[in-house]
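Undergrad: Sharing a structure, written as structure tokens. Questions coming.
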Amino acid sequence: MQVKLMLVTAALLQMVFLFGQTKDTIKPQTLEKVTVQGYRLPFQEELLLGNLHNTYITTGKKSEVITVQDLPANLAEKTGRQIFAKIPGAFIYDMDGSGNQINVSTRGLDPHRSWEYNVRQNGVMTNSDLYGYPASHYSPPIEAIQKIEIIRGTASLQYGSQFGGMINYVVKPADTSKVANFESINSVGSYGLMSSFNALGGKIGKLKYYAYYQRRVSAGYRDNARSDAQGQFFRIQYAAFPNFEVKAELGRSQYIYQMPGPLTDAMFHDQPRQSTRSRNYFNPDIYLPSLTFDWKIGTNTRINWTSSAVLGARNSVQFIAFADIVDAIDPLTLQYKSRQVDIDQFHSYSSEWRLQQDYRIGRLAQSLVSGIRYTNNDLHRQQLGKGSSGTDFDLSITGDFGRDIHFKTQNIALFVENLFKISEKLNVSAGVRWENGLSKMSGRIAYLPNDQVPQTIEHRFPLLGASGEYKIDAKNKIYLGWSQAYRPVIFADVIPGTLLEQTDPKLQDAFGHNAEIGIKGTIFKRLNYDVTAFQILYRHRIGSLVLSNDIGQSYIWKTNIGDSRTNGLEVFLDYKIVDQARYRITLFTASSYFDGVYLNGQIRNGNENTEIKGNRLETVPKWISRNGLQGAYKQFAIVLQYSYVSESFSDAVNTQKPSANGAKGLVPAYSLWDLNGSVRITSRHILRVGVNNLANKQYFTKRPVGYPGQGVWSSDGRSIVVSLGIKL
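In the numbering used here, the protein residues as written are 37 to 764.
Okay, here's the thing in structure tokens:
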């Protein structure tokens with residue numbers, strides 16, 4: 037006690053002495069210079085969306101965020117297995133040239149152009165026509181993306197009706213520290229790859245702007261697989277008031293891809309880089325304008341109103357035949373045969389109004405989100421045009437199109453969902469969505485009488501859903517959810533392919549649900565984990581049957597063929613082996629197991645119908661596993677990734693032996709190694725080097741049933757890509 041009193045007394049005397057000195061008697065002290073140096077390790081961090089995200093309730097829903105800034109991946113060519121490396125169950129369909137498109141699905145759904153997902157850019161829908169052709173032909177450069185937000189199918193109440201859920205590509209924000217900031221990322225690589233991405237952004241008073249231009253060309257891995265892609269984007273944001281902002285955006289995605297054609301299995305094993313077509317081309321050219329008003333009315337109310345459109349065309353000119361049919365010059369005419377020209381013109385408009393109202397029950401904050409979305413789409417499809425016999429990209433035709441039809445849809449969707457905070461640890465959300473729409477087909481099909489062309493389809497569904505999460509502690513939680521979804525009958529489903537085909541006038545939209553339960557968090561301070569069990573029930577799947585008319589003549593009947601169910605498990609583990617200020621080593625796995633089967637149904641197999649109950653779903657491998665070893669030291673990072681995909685069937689009949697033309701048969705399992713590294717040379721310069729498919733594995737991911745041609749489509753072998761990024 038005496039010691040404490042002595043210390044306090046000495047301190048008080050010193051304070052009195054200093055206080056009594058004048059300014060002149062206090063001598064200034066010069067401190068030695070101190071330099072504080074730290075490192076931001078170039079590692080992709082796991083991020084969460086939280087309970088509320090941009091007027092969307094995400095509590096209890098399985099969500100992932102891919103941060104692109106430090107992503108160890110081949111960004112120039114959009115290598116999907118690297119970009120979605122840490123997303124368990126993501127199936128990547130490789131078939132569309134040098135980075136032209138990302139085709140991704142999860143939970144055993146169809147990966148074609150990600151059309152089982154509600155695909156968005158900055159919250160704006162990019163699906164070409166949700167009711168006519170739900171594919172996302174709009175494909176922004178990944179160099180422009182800041183992050184990718186993914187919410188699985190239980191998000192369907194708020195985002196849309198899709199079984200897959202939502203994928204949102206978030207474009208980089210403007211750097212507001214300057215009036216003008218410039219970024220350039222330039223890449224070169226194998227097979228003639230050259231890519232240049234250039235962006236400009238900044239802030240002037242209350243106005244923020246950002247724009248980019250991208251161009252990428254490549255000769256392609258296979259013969260006759262050249263591609264020429266470009267993208268443009270412009271955004272302007274004006275904060276008229278602190279709580280009110282207006283944002284206008286215009287994006288464009290366009291490319292021309294020379295399609296090398298399908299192969300037979302014998303051709304693939306002999307020389308996977310060979311081509312069966314030299315005159316086939318594919319060309320989507322899509323514009324995405326939007327206008328968004330965001331208004332925060334006080335502290336508890338927020339209104340968001342977005343109006344947008346998907347405008348443009350999907351063009352193709354092809355010699356269409358199986359892989360074993362040669363596209364050769366006719367010795368009599370000394371010319372090639374005429375090609376088929378198909379043109380889809382998209383006029384898709386939507387307007388979505390959302391209201392978030394926060395309130396309290398006792399001491400706990402609650403949130404109600406409601407809204408309405410109106411869509412008005414007109415898909416003008418012109419097909420079977422007699423094109424030229426030339427070899428270049430030429431959309432001119434002789435005569436009329438064999439099919440010249442419109443598919444018009446008007447739809448209104450109302451939705452409401454409430455986030456109930458039961459306690460500090462337990463959150464529950466429940467909601468409903470009402471879809472009310474009508475699609476009408478009209479026009480001319482050359483091989484059908486005019487009275488057989490009109491088709492009217494109603495889309496009326498009440499969709500229910502609920503989800504919840506319980507926080508075990510500050511770093512771990514349990515989540516679960518259930519939500520209904522549907523996939524509308526699309527344009528291709530209702531168009532008879534030939535005179536021998538007929539469409540069931542009672543064709544129904546596919547309908548079902550997503551259900552999931554999982555646990556997520558961090559244990560042992562170094563292990564991040566996310567383990568999910570799920571089920572997708574998919575009723576009224578669409579296919580074809582062989583029937584006979586009154587006089588015994590066979591015809592093909594397109595109708596709802598049966599139901600399917602996919603049960604599965606998704607596992608993500610990320611363990612920090614070493615975690616220091618200057619260096620880090622981690623090991624991760626993103627693996628999944630799928631058990632996808634037909635519960636009932638039958639389908640056309642040649643000239644007869646075959647029972648498919650108990651068969652495995654097509655294009656659904658049992659196992660998908662991606663694993664990586666990552667290391668970082670100061671400004672240097674490297675990752676070695678191993679990917680494995682087990683075998684899958686190409687058809688519902690589960691054909692094992694490949695057909696002579698390659699259209700049916702087993703898709704073999706494959707495994708791939710990738711190596712990517714980066715070094716930040718200065719604060720303004722970063723160099724990336726990647727070797728894709730290190731072992732030069734020859735593989736393919738799927739046998740298409742339609743576009744771009746039935747048969748084997750070889751995926752890329754080994755390649756090297758070098759990128760240099762500069763910021764000024």
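Note that the Cβ used here is the ideal one computed from N, Cα and C, for glycine as well.
Going by C-alpha to C-alpha distance, which of N351, S223, K670 and D330 sits closest to A109?
TA: In the sequence shown, the residue the question calls residue 109 occupies position 73. The residue with the shortest Cα to Cα distance from A109 is S223.
Undergrad: Looking only at its chain, what residues have a beta carbon closer than 7 Å to the beta carbon of G479, apart from the 5 residues adjacent to it on each side?
TA: Counting from one through the sequence shown, the residue named residue 479 turns up at place 443. Once the five neighbours on either side are set aside, the close Cβ partners of G479 are D440, I441, H442 and V489.
Undergrad: Quick check: the region 318-333 against the region 298-309, are there 3 or more CB pairs under 8 Å?
TA: Not touching, per the Cβ criterion.
Undergrad: Within 10 angstroms of the Cβ of L368, are there 16 or more other Cβ atoms? Answer buried if so, exposed if not.
TA: The residue you call residue 368 lines up with position 332 of the sequence shown. Counting Cβ neighbours within 10 Å, L368 comes out exposed, since fewer than 16 surround it.
Undergrad: Using the Cα positions of G238 and T718, report the straight-line distance between them to the nearest angstrom.
TA: Indexing the sequence shown from 1 puts residue 238 at position 202. Indexing the sequence shown from 1 puts residue 718 at position 682. One C-alpha to the other measures close to 22 Å.
Undergrad: Using a 10 Å radius around the Cβ and a threshold of 16 neighbouring Cβ atoms, would you call K561 buried or exposed?
TA: The residue you call residue 561 lines up with position 525 of the sequence shown. K561 should be labelled exposed.
Undergrad: Along the chain, where does the beta strand (DSSP E) containing Q137 start, and where does it finish?
TA: Residue numbering aside, residue 137 sits at position 101 when the sequence shown is read from its first letter. It is not in any beta strand (DSSP E) - Q137 carries neither H nor E in the DSSP assignment.
Undergrad: Compare the Cα-Cα distances from M303 to each of F736, I762, G761 and I756 and report the closest residue.
TA: In the sequence shown, residue 303 corresponds to position 267, counting from 1. Just measuring C-alpha positions, the residue of F736, I762, G761 and I756 sitting nearest M303 is F736.
Undergrad: If you compare alpha carbons, which of P209, V207, Q266 and R262 is closest to S232?
TA: For the purposes of this step, residue 232 is taken as residue 196 along the sequence shown, with counting starting at 1. Selected option, being the one with the closest Cα: Q266.
Undergrad: Between the region 629-639 and the region 666-678, are three or more C-beta pairs nearer than 8 Å?
TA: no
Undergrad: For H721 and R640, I'd like the C-alpha separation in whole angstroms.
TA: Here the question's residue 721 lines up with position 685 in the sequence shown. Here the question's residue 640 lines up with position 604 in the sequence shown. C-alpha separation (whole angstroms): 58 Å.
Undergrad: Just verifying my parser: in three-state terms, what is the DSSP assignment at N651?
TA: As a working note, residue 651 is residue 615 in the sequence shown. Here N651 sits in coil by DSSP.
Undergrad: Can you give me the start and stop residues for the beta strand (DSSP E) that H305 sits inside?
TA: Mapped onto the sequence shown, residue 305 falls at position 269. Not the beta strand (DSSP E): H305 falls in the alpha helix (DSSP H), residues D301 to D306.
Undergrad: Assuming D259 and Q310 make a contact with CB atoms under 8 Å, what is their CB distance in whole Å?
TA: Residue mapping note: residue 259 aligns to position 223 of the sequence shown, counting from 1. Residue mapping note: residue 310 aligns to position 274 of the sequence shown, counting from 1. Confirmed, Cβ separation roughly 6 Å.
Undergrad: With DSSP as the reference, label I123 as helix, strand or coil.
TA: Stepping through the sequence shown from its first residue, residue 123 is reached at position 87. Correct three-state label for I123: coil.
Undergrad: Tell me the rounded alpha-carbon separation between D631 and T335.
TA: Translated into the one-based positions of the sequence shown, residue 631 becomes position 595. Translated into the one-based positions of the sequence shown, residue 335 becomes position 299. Distance between the alpha carbons of D631 and T335 is about 47 Å.
Undergrad: Cα-Cα, which of T95, R577 and L400 is closest to K513?
TA: Looking up residue 513 in the sequence shown gives position 477. Here the closest residue by C-alpha is T95.
Undergrad: Rounded to the nearest angstrom, how far is the Cβ of G435 from that of Q376, given a contact under 8 Å?
TA: Your numbering for residue 435 matches position 399 in the sequence shown. Your numbering for residue 376 matches position 340 in the sequence shown. With 8 Å as the limit, G435 and Q376 do not qualify as a contact, their Cβ atoms being about 13 Å apart.
Undergrad: Is Q545 helix, strand or coil when you go by DSSP?
TA: Within the sequence shown, the letter at position 509 stands for residue 545. For clarity, residue 545 is Asp in the given sequence; the question names Gln instead. D545: coil per DSSP, three-state reduction.
Undergrad: Do D610 and N564 have their beta-carbon atoms positioned less than 8 Å apart in this structure?
TA: Position 528 of the sequence shown, counted from the start, is the residue given in the question as residue 564. Position 574 of the sequence shown, counted from the start, is the residue given in the question as residue 610. In contact: N564 and D610 (Cβ atoms closer than 8 Å).
Undergrad: Name the residue from R496, Y574, K511 and D545 whose alpha carbon lies nearest to the alpha carbon of K766.
TA: Nothing about residue 766 can be read from this structure; the chain reaches only from 37 to 764.
Undergrad: Going by C-alpha distance, which of G579, G667, W709 and V703 is nearest Y680?
TA: Residue numbering aside, residue 680 sits at position 644 when the sequence shown is read from its first letter. With distances taken between Cα atoms, Y680 lies closest to W709.
Undergrad: How many Å lie between V725 and A112 at the Cα?
TA: To locate residue 725, count along the sequence shown from 1; it is residue 689. To locate residue 112, count along the sequence shown from 1; it is residue 76. V725 and A112: Cα-Cα distance of roughly 11 Å.
Undergrad: Closest by CA to R350, which one among D330, G579, I356 and R149?
TA: Counting from one through the sequence shown, the residue named residue 350 turns up at place 314. Checking every option, the nearest Cα to that of R350 belongs to R149.
Undergrad: For F382, report the span of its alpha helix (DSSP H) as first-last.
TA: For the purposes of this step, residue 382 is taken as residue 346 along the sequence shown, with counting starting at 1. For F382, no alpha helix (DSSP H) encloses it; the enclosing beta strand (DSSP E) starts and ends at Q376 to I397.
Undergrad: Do L702 and Q730 count as a contact pair if the criterion is CB distance below 8 Å?
TA: The sequence position of residue 730 within the sequence shown is 694, counting from 1. The sequence position of residue 702 within the sequence shown is 666, counting from 1. Before going on, a small fix: residue 730 reads as Leu here, not Gln. No, the pair does not count as a contact, with Cβ atoms beyond the cut-off.
Undergrad: Should I514 be counted as a contact of the ligand MG given a C-beta to heavy atom distance under 7 Å?
TA: Only the bare structure without any ligand can be found here, which leaves the ligand MG out of the picture.
Undergrad: With DSSP run on the structure shown, which of helix, strand or coil describes L609?
TA: Translated into the one-based positions of the sequence shown, residue 609 becomes position 573. Reduced to three states, the DSSP call for L609 is strand.
Undergrad: Since G159 sits in a beta bridge, which residues does DSSP pair it with?
TA: Along the sequence shown, read from residue 1 onward, the residue named residue 159 stands at position 123. For G159, DSSP assigns no beta-bridge partner whatsoever.
Undergrad: Taking the C-alpha atoms as reference points, what is the distance between A449 and E100?
TA: Reading the sequence shown from its first residue, position 413 is the one you call residue 449. Reading the sequence shown from its first residue, position 64 is the one you call residue 100. Approximately 26 Å, taken between the alpha carbons.
Undergrad: Pick from D264, K244 and L605: whose alpha carbon is nearest that of Q250?
TA: Translated into the one-based positions of the sequence shown, residue 250 becomes position 214. Comparing Cα-Cα distances from Q250 to each of D264, K244 and L605, the minimum goes to D264.
Undergrad: Once the 5 residues before and after K59 are set aside, which same chain residues still bring their CB inside 8 Å of it?
TA: Locating residue 59 in the sequence shown gives position 23, where the first residue counts as 1. In this prediction, K59 scores a pLDDT of 43, lower than 50, which makes its location untrustworthy; the coordinate-derived value is nonetheless stated afterwards. Excluding sequence neighbours, K59 sits near nothing in its chain.
Undergrad: Let me know the secondary structure DSSP gives Q250 once reduced to three states.
TA: Translated into the one-based positions of the sequence shown, residue 250 becomes position 214. Strand, per DSSP.
Undergrad: Specify, as a first and last residue, the run of the beta strand (DSSP E) that S759 falls within.
TA: Looking up residue 759 in the sequence shown gives position 723. S755 to K763 is the span of the beta strand (DSSP E), which, as asked, contains S759.
Undergrad: To the nearest angstrom, how far is it from the Cα of H576 to the Cα of V525?
TA: Here residue 576 refers to the residue found at position 540 of the sequence shown. Here residue 525 refers to the residue found at position 489 of the sequence shown. Going by the C-alpha atoms only, they are around 10 Å apart.
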